Structures are given as C-alpha cells and as structure tokens.
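Just below is one structure, and these are the notes that go with it.
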Amino acid sequence: EIGGFPYAPGASVGPDATARESSPVLEATLRHAVAQGEFRLAYQPIVDLRNHRTVGVEALIRWPRAPIGPDVFIPTAERIGLIRDITRQVCLLAARDRITQRIPGSIRLSINLSAADAETMETAALLSDLSLTLGDTALSVELTERCLLSPERCGPVIRAIRARGIQVHLDDFGTGYANLQSLVELALDGIKIDHRLTRCIDDSRAAREIVRHLGRMAGALGLSVTAEGVETEAQARWLSVLGIRRAQGWLFGRPCFIEDYPAARPLAQIA
Ligand code: C2E
Ligand code: CA
Ligand code: CA
Ligand code: CA
Numbered sequence: 009e010i011g012g013f014p015y016a017p018g019a020s021v022g023p024d025a026t027a028r029e030s031s032p033v034l035e036a037t038l039r040h041a042v043a044q045g046e047f048r049l050a051y052q053p054i055v056d057l058r059n060h061r062t063v064g065v066e067a068l069i070r071w072p073r074a075p076i077g078p079d080v081f082i083p084t085a086e087r088i089g090l091i092r093d094i095t096r097q098v099c100l101l102a103a104r105d106r107i108t109q110r111i112p113g114s115i116r117l118s119i120n121l122s123a124a125d126a127e128t129m130e131t132a133a134l135l136s137d138l139s140l141t142l143g144d145t146a147l148s149v150e151l152t153e154r155c156l157l158s159p160e161r162c163g164p165v166i167r168a169i170r171a172r173g174i175q176v177h178l179d180d181f182g183t184g185y186a187n188l189q190s191l192v193e194l195a196l197d198g199i200k201i202d203h204r205l206t207r208c209i210d211d212s213r214a215a216r217e218i219v220r221h222l223g224r225m226a227g228a229l230g231l232s233v234t235a236e237g238v239e240t241e242a243q244a245r246w247l248s249v250l251g252i253r254r255a256q257g258w259l260f261g262r263p264c265f266i267e268d269y270p271a272a273r274p275l276a277q278i279a
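Numbering (the UniProt record's numbering), first residue to last: 9 to 279.
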C-alpha cells in the first residue's frame with residue numbers, strides 16, 4: 009500500500025459501518041496520522057441572520073487522505089485515547105491558519121472539544137495559548153453534553169476556560185437527554201441548536217415552538233443561540249421569525265480550507 013489509504017472507502021456508510029469503524033486498521037492508520045500530523049481544518053461561517061454578515065467561523069477537522077469524516081474518526085480517536093493529541097493539533101492548526109484575519113470585522117473562532125478535553129486543566133492552558141496567539145480574535149469552544157457527564161471533573165475546567173475570556177457553547181442542543189441539566193449545573197455562554205431540529209422547522213409546528221422557546225429561554229439565561237445546519241432560505245426565514253439571530257449551514261457557506269475560503273462574501277450572493 010504505497011500512498012494509498014489502507015481503509016475501505018465508504019466505511020462510514022452501510023449497515024456494517026460500526027464494525028469497520030472499530031477496525032484495527034483504522035486505529036493503526038489514525039495513530040499514524042496523529043504522529044504525522046495529517047489533519048487540516050475546514051472553516052465554516054456563522055452569520056448574523058439580520059444582515060447575513062459573518063460573525064464567527066467554526067473550525068472542523070479534516071483528514072484529507074482518508075475517505076472518512078470526523079463523525080467516524082473522532083469517536084474512534086476518543087475511544088483509543090488519541091483525542092487530546094488531536095485537540096492539541098487542532099489548536100496549532102488554528103493558530104497557524106489565522107482564518108479570522110481573512111474575514112472583515114471582529115470574528116469569533118470556535119473549535120470543538122471532546123469529553124477527555126473537558127476533563128483536564130491542560131485544555132485551559134492550551135486554549136489560553138491559542139487565544140493569545142489569535143490576539144484580537146475572540147475564541148469559543150463547543151462541547152456536547154457528552155462532555156459534561158461528570159460536572160465534578162469538567163466544572164473546574166470549564167470555569168478556568170471561561171475565566172480566560174473564552175466562551176463555552178453547548179453543541180447539538182435539543183437532541184439529548186441532559187442538556188437542560190447542563191445549563192443548571194454550569195454557567196455557559198451559548199447553545200447551538202442541532203441540525204436535526206433546524207431541518208424540521210419548515211414542516212413541524214412543534215419544532216418551531218421548541219425553537220421559539222429555546223430562544224426565549226436562552227435569552228433569559230443570557231445565552232446566545234446559533235442554529236446549525238441551515239440549508240434553505242425557508243429555514244433561515246423561520247429562524248428569524250422565531251427570534252434566532254445566528255445561523256450556520258450550507259446556505260451561508262460550506263466548510264472549506266483556508267485557501268478556498270471566500271475572501272469577502274458579497275451580501276447579494278445569499279440575500
Ligand atoms: P458538529 O460540531 O455538530 O459540526 C457540524 C457538522 O455539520 C459538521 O460536520 C458540518 O460539516 C456539518 N454541516 C454544516 N452545515 C451543514 C448543513 O447545512 N447541512 C448539513 N447536513 N450538515 C452541515 P463534520 O465537519 O463532518 O463534523 C462532524 C462532527 O465531528 C462535528 O459535529 C463534531 O462533533 C466533530 N468534530 C469536527 N471537528 C472536530 C474537532 O476538531 N474536534 C472534535 N473533538 N470534534 C470535531
Ligand atoms: Ca460544533
Ligand atoms: Ca452540532
Ligand atoms: Ca454533531
């Protein structure tokens with residue numbers, strides 16, 4: 009296998025995906041990728057729905073030589089203890105790319121953390137370094153509720169992160185069991201409404217009422233709200249009507265590498 013990828017393409021689809029995701033081949037290839045630094049970051053804009061201006065950008069990890077996405081390899085990396093190394097590389101890549109310098113205005117950069125990151129103080133130090141490197145750019149981290157299962161362990165880390173002026177947002181909001189409880193136990197800065205909920209707002213009055221009330225609840229708690237996975241104009245219009253101000257999704261821009269990131273997005277393109 010010279011230069012190829014020793015792991016079946018399409019592994020992330022099909023009924024036996026789970027079996028193949030746990031393959032020793034993937035694990036070994038992933039270890040190699042971490043050692044060799046084979047990852048890159050793709051960036052996706054987060055916009056203000058009132059004027060479609062970019063207010064933030066989320067860094068999403070990519071493994072260019074592999075035919076699989078982070079939905080497949082991040083859980084494997086978490087399971088075999090590689091995620092903290094990967095998060096360290098993500099921070100270095102973000103510091104090197106400095107994507108926000110290419111976007112006009114004051115832009116917030118978001119990166120994703122895993123449970124193991126949320127449970128070690130080293131993460132606060134790592135993020136603090138990144139934040140200093142980025143200078144003017146505000147930094148946010150996104151956590152899923154799975155990161156917050158152990159408030160005794162992640163509470164001090166999250167407080168340390170926030171004490172450094174870095175925002176903490178709860179990702180995939182509206183899909184789990186415990187994320188309301190997370191908001192009771194921890195002071196956070198924002199929530200990201202999961203794409204599965206966004207996808208339903210066109211067709212479902214229930215989804216619209218839930219989003220409307222999430223917006224109100226967040227407002228009352230001083231939390232920002234970002235809706236993910238916005239693909240259509242109709243969804244964007246509904247979100248505005250429901251009082252949601254920030255959105256992310258293919259309608260506004262696909263995740264792309266820094267060299268492909270649109271230098272300045274004409275408002276007319278998406279208006
Ligand atoms: P996430 O944090 O919820 O990221 C949003 C996912 O939705 C991304 O998938 C993004 O490409 C995709 N997406 C964006 N807009 C749209 C849209 O309009 N429609 C649809 N259908 N999808 C959209 P991606 O990049 O494959 O990442 C998947 C997950 O992998 C992320 O979900 C996150 O949980 C995890 N992940 C990604 N990068 C990192 C990372 O650097 N570190 C860690 N720990 N996890 C990461
Ligand atoms: Ca995220
Ligand atoms: Ca999400
Ligand atoms: Ca997700």
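All C-beta atoms, glycine included, are put in the ideal place defined by N, C-alpha and C.
These numbers come from a predicted model, not from an experiment.
Let me know the secondary structure DSSP gives residue i once reduced to three states.
i, result
"I278", "Low local confidence applies: a pLDDT of 48 at I278 is under 50, so the model's placement there is unreliable, with the coordinate-based value given in what follows. Looking at I278 - three-state DSSP - the assignment turns out to be coil, as it is neither helix nor strand."
"P164", "helix"
"H60", "coil"
"R116", "strand"
"P263", "coil"
"G198", "strand"
"S232", "strand"
"R154", "helix"
"S190", "helix"
"A271", "coil"
"V149", "strand"
"R220", "helix"
"E66", "strand"
"F81", "helix"
"D93", "helix"
"P159", "helix"
"A103", "helix"
"V176", "strand"
"I169", "helix"
Does the distance from the CB of residue i to the CB of residue j come in under 8 Å?
i, j, result
"V149", "L121", "yes"
"A67", "L38", "no"
"G64", "I76", "no"
"I199", "V165", "no"
"R172", "A132", "yes"
"E35", "I91", "no"
"T206", "V238", "yes"
"I111", "L147", "no"
"L191", "L134", "no"
"L138", "A103", "yes"
In or out: residue i buried (at least 16 other Cβ within 10 Å) or exposed?
i, result
"L101", "buried"
"L49", "buried"
"W258", "exposed"
"L140", "exposed"
"P72", "exposed"
"V33", "exposed"
"N59", "exposed"
"S212", "exposed"
"D202", "buried"
"G45", "exposed"
"G113", "exposed"
"A74", "buried"
"D125", "buried"
"G143", "exposed"
Could you name the residues of the same chain whose beta carbon sits closer than 6 Å to that of residue i, not counting the 5 residues immediately before and after it, in chain order?
i, result
"S31", "none"
"A123", "R154 and C155"
"L231", "G198 and I199"
"T145", "T108 and L117"
"G22", "Low confidence applies to G22: its pLDDT is 46, below 50, so where it sits in the model is not reliable, and the reading given next is rough at best. So no residue of the chain qualifies."
"R161", "E127"
In whole angstroms, what is the alpha-carbon distance linking residue i and residue j?
i, j, result
"D210", "W246", "7 Å"
"T240", "L222", "21 Å"
"V98", "C208", "32 Å"
"I278", "R61", "Model confidence at I278 stands at a pLDDT of 48, short of 50, so the residue's coordinates are unreliable and nothing is read from them."
"G184", "R70", "25 Å"
"L178", "P14", "35 Å"
"A226", "I115", "21 Å"
"R224", "H40", "46 Å"
"R167", "R216", "33 Å"
"E130", "A242", "43 Å"
"residue 3", "I169", "In the structure as shown, the chain starts at 9 and stops at 279, and residue 3 therefore has no counterpart that could be examined."
"Q189", "I119", "23 Å"
"S136", "A214", "41 Å"
Within the same chain, show all residues whose beta-carbon is closer than 8 Å to that of residue i, passing over the 5 residues directly before and after it, in chain order.
i, result
"L57", "A244, L247, S248, I252, R253, R254 and A255"
"R220", "L250 and G251"
"A276", "With a pLDDT of 48 at A276, under the threshold of 50, the predicted position of this residue should be treated as unreliable, though the coordinate-derived value follows. Correct list: empty, nothing qualifies."
"Y51", "V65, E66, A67, L68, D105, I107, P263, C264, F265, I266 and Y269"
"E193", "L156, P159 and G163"
"V42", "A85, L90, D93, I94 and Q97"
"I218", "G182 and L205"
Can you give me the Cβ contacts of residue i inside the same chain, cut-off strictly under 7 Å, excluding the 5 residues immediately before and after it?
i, result
"E236", "K200, I201, D202, H203, T206, Q256 and G257"
"P78", "L68 and I69"
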